[in-house]
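Take the position in the sequence shown, starting the count at 1, then add 989; the result is the number in this note's numbering.
For reference, the structure discussed in these notes is given below.
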Amino acid sequence: MGPVPTHEQISKALEAVIDPELRRSIVELEMVRSIEIGANGVIDVTVSLTTAGCPIRGHFQTAVAQAVGALDGVAHVNVYFDVLSDTEKAALQRKLGRASLPEGTLAQVGSVLCIGSGKGGVGKSTLTANLAAALTGEGRRVGVLDADVWGYSIPRMYGLGATRPPVSPERKIMPLQAHGVKVMSIGFFVAEDAAVVWRGPMLHKALTQFLQDVDWGALDHLLIDLPPGTGDVSMTLAQLLPQAQFAIVTTPQPTAQKVARRAAQMAEKLSLPIAGVIENMSGFATPTGERYAIFGEGGGRELADELDVPLLGSVPLTMPLREHADGGVPLVLVDPDDPAAQAIRHVARGLIALAPLQLPVLDAAPGNGSGPQPAAAPQEANSRPAGMSLPMA
990 MGPVPTHEQI SKALEAVIDP ELRRSIVELE MVRSIEIGAN GVIDVTVSLT
1040 TAGCPIRGHF QTAVAQAVGA LDGVAHVNVY FDVLSDTEKA ALQRKLGRAS
1090 LPEGTLAQVG SVLCIGSGKG GVGKSTLTAN LAAALTGEGR RVGVLDADVW
1140 GYSIPRMYGL GATRPPVSPE RKIMPLQAHG VKVMSIGFFV AEDAAVVWRG
1190 PMLHKALTQF LQDVDWGALD HLLIDLPPGT GDVSMTLAQL LPQAQFAIVT
1240 TPQPTAQKVA RRAAQMAEKL SLPIAGVIEN MSGFATPTGE RYAIFGEGGG
1290 RELADELDVP LLGSVPLTMP LREHADGGVP LVLVDPDDPA AQAIRHVARG
1340 LIALAPLQLP VLDAAPGNGS GPQPAAAPQE ANSRPAGMSL PMA
């Protein structure tokens, strides 16, 4: 075993530990309260959490122990926790430019994909509804946030209508479920098919609540159906979800492609990485198998090549795709052999390849880390963690 690592080396290793909800390193977020180095290779690390009941404590327990334990010269890692003070929370909010800090609602969400387009009428919501169902069919845990506040249609496509979601004892909104997908939409809180006439600040508040006050639970994918254009909703989501990815939906004709390019420019300005392009309505497939290029050909591939991103798939327009969207059941669940359903399932597999499923990791016991474990790690009085202590379970 080599010499004990320095404080700087340990801090550098901790940069690999990412807060799964704020999507930044705990070092960058200044959540590493203290690092204490023992001569015998025992390292004590204290991490400050944003809330005492943080559901991702186990994630930090394991990740910190693994990151520090991998350093040469480390015999044992003790991980302690405390809670940020109100002053520290306020400073962190200012640093992140947020009105509030999340309380764990997105902590168990693996990847967030915003599905957008530069213009309306390209079938974005139909794609989102079917894509979520296709991912569920591949064994993934999926949620859909209908962020198209003015043109919400996801509730109808899942047969949910204007059903009001329940509220948990912890005062969290519980998303409704249909076909194995968790769904949240403004359509659940207004009269069915009622018009929503809101300005920017109200939109920002509603989207913040949908992300932070909804108990999404453990999800592999959260799909967000964006409204068309590049306005307030997209900017709000970019602020709240700095590590989300963006999928651009376009139809093949040059006009739609040029407008979709503006959506790509918006994503670039907001530092949202583009996962790829989905070409929708890439030909009309008749029930007898004939195919007509009603909207032209090749626009999706051309846009993907221009942006240097993958073409995730080309989805034809079929009559059953429209019929089942109006009927409240995604086509991929009813007729997986339909040409449109096959193409959407291909897109789903491409997204899984881009965001592979992480294997579950058991929470490490306190003091667990890499390397040999001493029989008892001595704790001196002056090595007790600072700050507010978490309550015992």
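Even for Gly, the Cβ is constructed at its ideal location relative to N, Cα and C.
All of these numbers come straight from a predicted model, not from anything done at the bench.
Status (buried if at least 16 other CB within 10 Å, exposed otherwise) for residue i
{"i": "Asp1326", "result": "exposed"}
{"i": "Pro1243", "result": "exposed"}
{"i": "Met1308", "result": "exposed"}
{"i": "Ala1080", "result": "exposed"}
{"i": "Asn1067", "result": "buried"}
{"i": "Lys1113", "result": "buried"}
{"i": "Gln1201", "result": "buried"}
{"i": "Asp1135", "result": "buried"}
{"i": "Gln1050", "result": "buried"}
{"i": "Asp1075", "result": "exposed"}
{"i": "Arg1153", "result": "exposed"}
{"i": "Arg1046", "result": "buried"}
{"i": "Ala1054", "result": "buried"}
{"i": "Asp1137", "result": "buried"}
{"i": "Ala1233", "result": "buried"}
{"i": "Arg1145", "result": "buried"}
Contact under 8 Å by Cβ, residue i with residue j
{"i": "Gly1128", "j": "Leu1208", "result": "no"}
{"i": "Met1255", "j": "Leu1306", "result": "no"}
{"i": "Val1266", "j": "Leu1301", "result": "yes"}
{"i": "Val1101", "j": "Ile1237", "result": "no"}
{"i": "Phe1028", "j": "Val993", "result": "In the sequence as presented, Phe is not what sits at residue 1028; that position holds Ala. Yes."}
{"i": "Leu1011", "j": "Leu1018", "result": "yes"}
{"i": "Pro1241", "j": "Gly1287", "result": "yes"}
{"i": "Gly1317", "j": "Gly1176", "result": "no"}
{"i": "Leu1259", "j": "Thr1115", "result": "no"}
{"i": "Ser1037", "j": "Val1072", "result": "yes"}
{"i": "Val1031", "j": "His996", "result": "no"}
{"i": "Val1133", "j": "Thr1117", "result": "yes"}
{"i": "Ser1303", "j": "Glu1268", "result": "yes"}
{"i": "Ser1084", "j": "Thr1039", "result": "It is worth fixing the name first, because residue 1084 is Lys in this sequence and not Ser. Their beta carbons are not under 8 Å apart, which means Lys1084 does not touch Thr1039 by this criterion."}
{"i": "Val1111", "j": "Ala1245", "result": "yes"}
{"i": "Gly1206", "j": "Gln1082", "result": "no"}
Own chain partners of residue i with C-beta closer than 6 Å, once the 5 adjacent residues on each side are dropped
{"i": "Ala940", "result": "This structure cannot settle anything about residue 940, because the visible part of the chain is limited to 990 through 1382."}
{"i": "Gly1285", "result": "Pro1241 and Gln1242"}
{"i": "His1210", "result": "Ser1100, Leu1124, Arg1129 and Val1131"}
Inter-residue CB distance, residue i and residue j (contact presumed, cutoff 8 Å)
{"i": "Ile1263", "j": "Leu1296", "result": "6 Å"}
{"i": "His1313", "j": "Val1298", "result": "So it is not a contact: roughly 29 Å between Cβ atoms."}
{"i": "Phe1235", "j": "Cys1103", "result": "5 Å"}
{"i": "Gln998", "j": "Leu1095", "result": "The pair is not a contact, with the Cβ atoms about 31 Å apart (cut-off 8 Å)."}
7 Å CB neighbourhood of residue i in its chain, flanking five on each side removed
{"i": "His1048", "result": "Pro1009"}
{"i": "Pro1328", "result": "Ala1274, Pro1305 and Thr1307"}
{"i": "Val1321", "result": "Asn1119, Ala1122, Ala1123, Gly1126, Ala1330, Ile1333 and Arg1334"}
{"i": "Ala1253", "result": "Ile1237, Ile1263 and Leu1296"}
{"i": "Ala1249", "result": "Ser1106, Gly1107, Ile1237, Thr1239 and Leu1292"}
Cutoff 8 Å; reference residue i; Cβ partners in own chain excluding five residues on either side
{"i": "Ser1157", "result": "Met1163 and Asp1204"}
{"i": "Ser1000", "result": "Val1016, Val1021 and Ile1024"}
{"i": "Tyr1281", "result": "Gly1272, Phe1273 and Thr1275"}
{"i": "Pro1349", "result": "Unreliable placement is indicated for Pro1349, whose pLDDT of 40 sits below 50; the coordinate value is still reported in the next sentence. The answer is none, since no qualifying residue turns up."}
The ligand HEM heavy atom lying under 7 Å from the CB of residue i
{"i": "Asp1209", "result": "The ligand HEM is not among the ligands present in this structure, which contains no ligands whatsoever."}
Check: Quick one: any contact between the segment 1095-1107 and the segment 1138-1146, if contact means 3 or more CB pairs under 8 Å?
Finding: no
Notebook entry, point to check: If we count Cβ pairs, one from each stretch, closer than 8 Å, do we get three or more for the segment 1117-1132 versus the segment 1290-1299?
Noted result: no
Checklist line | Three or more C-beta pairs below 8 Å linking the segment 1329-1338 and the segment 1163-1172 | finding: no
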